[in-house]
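Enquirer: Handing you a structure now.
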Amino acid sequence: MSPLVPAAIIGANLSVHSPAVSFTSNWCDMNPDLSKLQPYPFEKLAKLKAAVTPNAALEHISLSIGEPKHPAPAFVQQAMIDNIQSLENYPTTKGMPELSQACAEWLEKRFKLNAVDPLSQVIPVNGTREAIFAFTQAVVDRSQANPLVLSPNPFYQIYEGAAYLAGATPYFLPCLENTGFNADFDSVSDEVWNDCQVLFVCTPGNPTGSTLTTDDFKKLIALADKHDFVIASDECYSELWVDGKQAPAGLLQACAELGRDDYDKCVVFHSLSKRSNLPGLRSGFIAGDAKIMKPFLLYRTYHGCAQPIQTQMAAIAAWNDEAHVEENRRLYTEKFQTFLEILQPVMDIEQTDASFYLWPKTPIADDLFAQRLFEEQHITVLPGSYVSRTVDGVNPGAGRVRMALVASVDECREAALRIRAFVEKLNSEAEQA
Ligand SMILES: Cc1ncc(COP(=O)(O)O)c(C=O)c1O
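So for the sequence shown, our numbering puts the first residue at 91; every next one is plus one.
Given below as structure tokens:
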């Protein structure tokens, strides 16, 4: 038994790095990289909430977890039921050709691609979370001197954990208001790009809802060519854009515009969880450069993450339908409008480019805001600093909260009214102070 201490981080841009796991004398000798994993934001949130008693006169409304609450499409449920006898069969890691075909056709149509080869350029995955994690394990070359995995900050926490367990160091790119909540890629040094092995981008972003354009992607592709790294574009919110706005661009779309139909060094992650209200199906896919897909498939064979056949049949039905996705967008658009109408007069809150998140500024510290909102109005939101890391003394999520508009339209209206009353109280407290 030896107490584990995080290894020295050379070339990382984290100014504060404390062991995430509190070690006790009964901690076994295990992979020391496990000690670098931070508690998940919802664990921290649970502690924050446990310190207060919520207003029991009000029903709880959760705006914290990014779990869609619109109904799962009935025809998808039916496809699952119709194929339930597949429980008798082992699925293959590569998945059914029909599913890869449906994903390839969907990609071609949605992102105006010339061609996607379902056999060599698409792999079904059990949700993008596991795929992002597994992909990083397969791609990072830990024999290099200082492997870096670049990611936005704030960010989806899997990028960070995946980097650590792959033997790499996360390098965070702040996504601040002055750059439209996207990273300022121009400010990254050549030295960092040279050590970069994987660049994660998230568009539309969680939690900021910001999007990258095809021009942004083209600049990144040029950098990937120059410095030889892989671009991993997490596009799991790509279908949730506000009605009347343009559909967000994708990395493969930029490749197609460049005539780069082999998608060299580029991969995208897509999911049915948010697009189709199917977070429990655990189904998505990864697509792109066949030179990366092939060894990644080999990795997955050992990892043991084949998607059950009945899940694949349900997924095919979902990818082949757009009507339910349009209805989803209509509902999120209505909720965005309701929130903004009620809250914009009292707080700094802007329509995000896409996703189902709002990312408003808080008039007091974000964790205190979340705690008091829970106590006084029985509403849960996620403090922005819980989904960001402090780098060079700056936490890009500080002073903001993430509101996920996943509750019903009526609940969202009720939540917005309660948040307004809460903010008005805070504002009057500030005036009196
Ligand atoms: C940015 C981002 N990427 C990936 C995922 C994983 O989604 P899933 O595993 O359901 O496909 C999530 C889930 O919340 C997310 O917010």
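Yeah, the Cβ is synthetic: ideal placement off N, Cα and C, and Gly gets one too.
In chain order, what residues of the same chain lie with their CB nearer than 7 Å to the CB of ASP457, ignoring the 5 residues before and after it?
Expert: Along the sequence shown, one-based indexing puts residue 457 at 367. LEU138, PRO473 and SER475, listed in sequence order.
Enquirer: Tell me whether the region 400 to 420 and the region 182 to 201 touch, counting them as touching only if at least three CB pairs, one residue from each stretch, are closer than 8 Å.
Expert: yes
Enquirer: With respect to 7 Å, is the separation between the Cβ of ARG219 and the closest non-hydrogen atom of ligand 1 below this value?
Expert: Sequence index remark: in the sequence shown, residue 219 carries index 129 (1-based). Yes.
Enquirer: So, using beta-carbon positions, are ILE321 and LEU348 closer together than 8 Å?
Expert: In the sequence shown, counting from the first residue as 1, residue 321 sits at position 231. In the sequence shown, counting from the first residue as 1, residue 348 sits at position 258. At the C-beta level, ILE321 and LEU348 stay beyond 8 Å of one another.
Enquirer: Quick one: any contact between the region 414 to 424 and the region 237 to 256, if contact means 3 or more CB pairs under 8 Å?
Expert: no
Enquirer: If you check the beta carbons only, do VAL415 and GLU329 fall under 8 Å apart?
Expert: Within the sequence shown, residue 415 is the residue found at index 325, counting from 1. Within the sequence shown, residue 329 is the residue found at index 239, counting from 1. It is a contact, given that the beta carbons lie within the stated cut-off.
Enquirer: Tell me whether ASP443 counts as near ligand 1, meaning its Cβ is closer than 7 Å to at least one heavy atom of that ligand.
Expert: As a first step, residue 443 must be located in the sequence shown, where it is residue number 353. Outside the cutoff, so no.
Enquirer: Label VAL212 either buried or exposed according to how many other C-beta atoms from any shown protein chain fall within 10 Å of its C-beta, with 16 as the threshold for buried.
Expert: On the sequence shown, residue 212 is found 122 positions in, with the first residue counted as 1. Buried, because 16 or more other Cβ atoms sit within 10 Å of the Cβ of VAL212.
Enquirer: Enumerate in chain order the residues of its own chain whose CB-to-CB distance from ARG390 is below 6 Å, with the five nearest sequence positions on each side excluded.
Expert: Along the sequence shown, read from residue 1 onward, the residue named residue 390 stands at position 300. Contacts found: THR183.
Enquirer: Could you round the C-beta distance between ALA506 and LEU433 to whole angstroms and report it? I think they count as a contact, below 8 Å.
Expert: If you number the sequence shown from 1, residue 506 lands on position 416. If you number the sequence shown from 1, residue 433 lands on position 343. Yes, ALA506 and LEU433 are in contact; Cβ-Cβ is about 6 Å, under 8 Å.
Enquirer: Compute the minimum distance between the beta carbon of GLY156 and the heavy atoms of ligand 1, and state whether it is under 7 Å.
Expert: As a working mapping, residue 156 is identified with position 66 in the sequence shown. Yes, since a heavy atom of ligand 1 falls inside the 7 Å radius drawn around the Cβ of GLY156.
Enquirer: Within the region 301 to 358, note down every full beta strand (DSSP E) run reaching 3 residues or more, in order along the chain.
Expert: Fully enclosed beta strand (DSSP E) runs of no fewer than 3 residues occupy 320 to 324 of the region 301 to 358, in order along the chain.
Enquirer: Could you check whether GLY156 and ARG372 sit closer than 8 Å to each other, using their CB atoms as the reference points?
Expert: The count along the sequence shown starts at 1 and reaches residue 372 at position 282. The count along the sequence shown starts at 1 and reaches residue 156 at position 66. Result no, Cβ atoms of ARG372 and GLY156 do not sit closer than 8 Å.
Enquirer: Using a threshold of 8 Å, state whether the C-beta atoms of VAL436 and ASN517 are closer than that.
Expert: The residue you call residue 436 lines up with position 346 of the sequence shown. The residue you call residue 517 lines up with position 427 of the sequence shown. Contact: yes.
Enquirer: Quick one: using the 10 Å Cβ neighbour count with 16 as the cut-off for buried, is TYR327 buried or exposed?
Expert: Numbered from 1 along the sequence shown, position 237 holds the residue referred to as residue 327. By the 10 Å Cβ count, TYR327 comes out buried.
Enquirer: Give the DSSP-derived three-state secondary structure of TYR254 in the structure shown.
Expert: As a working mapping, residue 254 is identified with position 164 in the sequence shown. It is helical.
Enquirer: Are there 16 or more other CB atoms within 10 angstroms of the CB of HIS360, so buried, or fewer, so exposed?
Expert: On the sequence shown, residue 360 is found 270 positions in, with the first residue counted as 1. Its Cβ being crowded by 16 or more others within 10 Å, HIS360 is buried.
Enquirer: Go through the region 175 to 237 residue by residue and report every complete run of the alpha helix (DSSP H) that reaches 4 residues or more, in order.
Expert: The alpha helix (DSSP H) runs lying completely inside the region 175 to 237 and spanning 4 residues or more are 187 to 201, 208 to 211 and 218 to 229, given in chain order.
Enquirer: Can you give me the C-alpha to C-alpha distance between CYS292 and THR303, rounded to a whole angstrom?
Expert: Numbered from its first residue, the sequence shown carries residue 292 at position 202. Numbered from its first residue, the sequence shown carries residue 303 at position 213. Approximately 12 Å between the Cα atoms of the pair.
Enquirer: Excluding the 5 residues preceding and the 5 following ILE222 in the sequence, name in chain order all residues of the same chain whose CB lies nearer than 8 Å to its CB.
Expert: Within the sequence shown, residue 222 is the residue found at index 132, counting from 1. So the qualifying residues of the chain are TYR246, ILE248, TYR249, ALA252, PHE290, ALA322, ASP324 and PHE359.
Enquirer: Return yes when the Cβ of VAL496 is within less than 8 Å of the Cβ of PRO158, no when it is not.
Expert: On the sequence shown, position 68 is the one that residue 158 refers to. On the sequence shown, position 406 is the one that residue 496 refers to. Yes.
Enquirer: Mind checking which residues open and close the alpha helix (DSSP H) that includes CYS502?
Expert: Translated into positions along the sequence shown, residue 502 becomes position 412. Unbroken alpha helix (DSSP H) run through CYS502: 499 to 522.
Enquirer: Does DSSP put ARG492 in a helix, a strand or coil?
Expert: Indexing the sequence shown from 1 puts residue 492 at position 402. If DSSP states are grouped into helix, strand and coil, ARG492 belongs with the strands.
Enquirer: Please name the residue in LYS199, ALA194, GLU198 and LEU203 whose C-alpha comes closest to that of SER210.
Expert: To locate residue 210, count along the sequence shown from 1; it is residue 120. Cα-wise, what sits closest to SER210 is ALA194.
Enquirer: Counting C-beta neighbours from all protein chains within 10 Å, is the total for SER300 16 or more, i.e. buried, or is it exposed?
Expert: Sequence index remark: in the sequence shown, residue 300 carries index 210 (1-based). It is buried - the Cβ of SER300 has at least 16 other Cβ atoms within 10 Å.
Enquirer: What are the start and end residues of the beta strand (DSSP E) that includes GLN467?
Expert: The count along the sequence shown starts at 1 and reaches residue 467 at position 377. For GLN467, there is no enclosing beta strand (DSSP E); the enclosing alpha helix (DSSP H) has its first and last residue at 456 to 467.
Enquirer: Just verifying my parser: in three-state terms, what is the DSSP assignment at PHE132?
Expert: In the sequence shown, residue 132 corresponds to position 42, counting from 1. Here DSSP, grouped into helix, strand and coil, assigns PHE132 to helix.
Enquirer: My understanding is that TYR261 touches VAL229, with C-beta atoms under 8 Å, so please give their C-beta distance in whole angstroms.
Expert: One-based indexing of the sequence shown puts residue 261 at position 171. One-based indexing of the sequence shown puts residue 229 at position 139. That pair is no contact at about 15 Å.
Enquirer: Can you grab the Cα-Cα spacing for the pair LEU124 / ALA256, in whole Å?
Expert: Position 34 of the sequence shown, counted from the first residue, corresponds to residue 124. Position 166 of the sequence shown, counted from the first residue, corresponds to residue 256. So the two alpha carbons sit approximately 11 Å from each other.
Enquirer: For PHE459, I'd like the list of residues in its chain whose CB is within less than 7 Å of its CB, leaving aside the five on either flank, ordered along the chain.
Expert: In the sequence shown, the residue the question calls residue 459 occupies position 369. Answer for PHE459: THR452 and VAL491, listed in chain order.
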